[in-house]
Structure formats: C-alpha cells, structure tokens
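Residue numbers (the numbering used here): -6 to 56. One structure is given below, encoded as structure tokens.
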Amino acid sequence: MTVEGLKKILTVLFIICFFGTIILTFFDATYNIKEKIIFSLIYLITIPISFFILYKIGKFFIK
-6 MTVEGLKKIL
4 TVLFIICFFG
14 TIILTFFDAT
24 YNIKEKIIFS
34 LIYLITIPIS
44 FFILYKIGKF
54 FIK
C-alpha cells in the first residue's frame, strides 16, 4: 500500500464516520437540540484529529 492509497481509504472512512455520527446524533430522540449541537461540535473536533493521527501512524509504517 502506498501513502496515496492510505489517504484514499482514510478519506472514505472519514466521510462515512463524520457524516454518519452527525446524522445519527440528530435523529436520536433521547437528546434535546442543545445536547445534539454540543455532541456534533465534539464530533467536528475529535473525528478529524483521530483520522489525522491514523494517517500519521499509517504513513510511519508504510515508509
């Protein structure tokens, strides 16, 4: 696997996780709108950071 292949795989997984968690949060009936917005903001911060870390780890092992 190359670095470009790793980027493509992580990009697809990122899109699925990012939009999936936000959509599932907004359709969850157990939280009110304020809690849903807070959870979505947490996802906006943590998901890109985690995928950036995965990319760096994968890039380290590929080289």
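Glycine residues also receive a C-beta, built at the ideal position from the N, C-alpha and C atoms. Bear in mind the structure is a predicted one, so any value in this text is a computation, not a measurement.
First through last residue of the alpha helix (DSSP H) which encompasses Y48: Sequence index remark: in the sequence shown, residue 48 carries index 55 (1-based). Membership of Y48 in the alpha helix (DSSP H) is indicated by the continuous run I26 to I55.
Between the CA atoms of F32 and F11 - distance to the nearest angstrom: For the purposes of this step, residue 11 is taken as residue 18 along the sequence shown, with counting starting at 1. For the purposes of this step, residue 32 is taken as residue 39 along the sequence shown, with counting starting at 1. Approximately 12 Å, taken between the alpha carbons.
Nearest to Y36 (by Cα), restricted to the options L3, F19 and T(-5): Reading the sequence shown from its first residue, position 43 is the one you call residue 36. The residue with the shortest Cα to Cα distance from Y36 is F19.
Pairwise C-alpha distance: T39 and N25: Along the sequence shown, one-based indexing puts residue 25 at 32. Along the sequence shown, one-based indexing puts residue 39 at 46. Their Cα atoms are separated by approximately 21 Å.
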